[in-house]
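Below you'll find the structure, written out as structure tokens, and then a few comments.
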Amino acid sequence: QVQLVESGGGPVQPGGSLRLSCAASGIMVSLNSMGWYRQAPGKQRELVAAFTGDGAINYASSVKGRFTISRDNAKKTVYLQMTSLKPEDTAVYYCNKRLYMKDYWGQGTQVTVSS
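Number 63 in the numbering used here belongs to position 53 of the sequence shown; there are no gaps in the numbering.
Here it is as structure tokens:
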């Protein structure tokens, strides 16, 4: 019902920037309840940034002030602008959409922060 395709990951040096994109298709009412999660090796998947059901934005405390989530409703695309990247930001980043109490996930995109 919902397809999510991420892009924009890759290697980057500490202090660098990347922008991730998540293009959505399928049955969708809005880009609310949509955002980004990440999973580092050996760790649980965690919320990075997301639009809530009413369009507000939540950020993980570890990324506040460094990451910015945005969206283009016409393109059905959600973005994650990441700046001042740190090695601890290394993870697979997943796009998520919750629709009718069901979670949809993209395939993930690897972000590696290393010198």
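Ideal Cβ positions, reconstructed from N, Cα and C, are used throughout, including at glycine. Nothing here was measured: the structure is a model prediction, and the numbers come from that model.
Residue nearest to Cys32 in terms of C-alpha spacing, selected from Ala70, Asp82, Gly65: Asp82
Would Tyr110 be called buried (16 or more neighbouring beta carbons within 10 Å of its own) or exposed? exposed
Over the uninterrupted beta strand (DSSP E) stretch that includes Lys107, give me the two end residues. 101-109
Looking at C-alpha atoms only, which residue of Ala59, Ala66, Gly63 is the closest neighbour of Ser72? Ala59
One question on the structure: do Leu30 and Thr119 come within less than 8 angstroms of each other, judged by their Cβ atoms? yes
Tell me which same chain residues have a C-beta within less than 7 angstroms of the C-beta of Tyr36, skipping the five on either side of it? Correcting the residue type first, residue 36 is Gly in the shown sequence and not Tyr. Result list for Gly36: Gln11, Val12, Gln13, in chain order.
Three-state secondary structure (DSSP) of Pro51: coil
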